[in-house]
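Take a look at the structure set out below.
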């Protein structure tokens with residue numbers, strides 16, 4: 155993603171909301187159906203990579219705090235993780251769909267709807283409650299952890315992997331290394347910066 159907030163002056167909510175805005179911008183561009191199939195494929199790959207990293211970070215560090223500080227935290231975290239699993243199954247299908255096939259746009263529409271619902275829930279309900287129930291220092295500390303895991307976490311959907319921490323947290327760095335190697339060999343961009351670099355060449 156491009157220049158996310160630094161953890162020096164932002165908390166984890168700031169980091170995650172910044173992710174949401176970046177992802178939404180790419181989803182909007184994809185929805186226009188403009189550009190070559192290759193360009194749309196690159197955009198979809200970036201969205202997938204960003205969503206996977208974002209989900210892993212939330213599941214590893216945000217939802218455990220939600221479980222701890224909110225009276226209905228277990229229920230909320232379980233619902234959010236189930237939504238991630240649904241999105242991940244769609245991303246896995248989208249990853250292999252041809253952008254010129256109508257199925258690509260169907261999958262993209264489903265993913266966009268799922269992501270927008272999830273983002274609205276988090277930003278209107280979960281994040282304000284999390285900020286109210288958690289010390290700012292802890293939220294800033296979690297921001298640093300989230301930033302780190304996003305750098306080493308997976309970039310591709312792995313719907314068969316365990317859905318609950320700590321199992322998914324332990325798998326993420328190893329999976330991330332494998333994913334990044336596959337991405338490098340395939341030439342697929344996994345961030346907005348890489349996508350811009352490819353477009354400028």
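Residue numbers (the numbering used here): 155 to 355.
The beta-carbon is built from N, C-alpha and C at its ideal position, and this holds for glycine as well.
**Message:** Tell me the DSSP secondary structure of residue 227 in three-state form.
**Reply:** Three-state result, residue 227: helix.
**Asked** Taking C-beta to C-beta, are residue 269 and residue 170 nearer than 8 Å?
**Response** no
**Item:** Limits of the unbroken alpha helix (DSSP H) element including residue 108
**Value:** The structure shown does not extend to residue 108, since the chain is modelled only from 155 to 355, so the question has no answer here.
**Asked** Roughly how many angstroms lie between the CA atoms of residue 177 and residue 188, to the nearest whole one?
**Response** 17 Å
**Outcome for residue 330 when other beta-carbon atoms lying within 10 angstroms are tallied against a minimum of 16** = A caution first: residue 330 carries a pLDDT of 46, below 50, which makes its placement in the model unreliable, though a value can still be read off. Label assigned to residue 330: buried.
**Own chain residues within Cβ distance below 8 Å of residue 260, not counting five before or after** = none
**Message:** Between which residues of its own chain and residue 215 is the CB-CB distance below 6 Å, once the five residues before and five after are set aside?
**Reply:** 296, 299 and 300
**Message:** Less than 8 Å between C-beta atoms, sequence neighbours within five positions excluded: which residues of the same chain meet that for residue 192?
**Reply:** 253
**Item:** C-beta atoms of residue 181 and residue 244 nearer than 8 Å
**Value:** no
**Prompt:** Buried or exposed: which applies to residue 272, given that a residue is buried once 16 or more other Cβ atoms fall within 10 Å of its Cβ?
**Reply:** buried
**Request:** Label residue 241 either buried or exposed according to how many other C-beta atoms from any shown protein chain fall within 10 Å of its C-beta, with 16 as the threshold for buried.
**Result:** With 16 or more neighbouring CB atoms inside 10 Å of its own CB, residue 241 falls in the buried class.
**Prompt:** Among 197, 194 and 219, which has the Cα closest to the Cα of residue 281?
**Reply:** 219
**Prompt:** In chain order, what residues of the same chain have a beta carbon less than 7 Å from the beta carbon of residue 164, not counting five sequence neighbours either side?
**Reply:** 297
**Asked** Does DSSP put residue 238 in a helix, in a strand, or in coil?
**Response** For residue 238, the three-state secondary structure derived from DSSP is helix.
**Prompt:** Just the Cα atoms here: how many angstroms apart are residue 285 and residue 264?
**Reply:** 30 Å
**Message:** Going by DSSP in three states, residue 193 sits in which element: helix, strand or coil?
**Reply:** helix
**Asked** CB-CB under 8 Å to residue 167, same chain, minus the five flanking residues each way: which ones, in chain order?
**Response** 281, 284, 285 and 293
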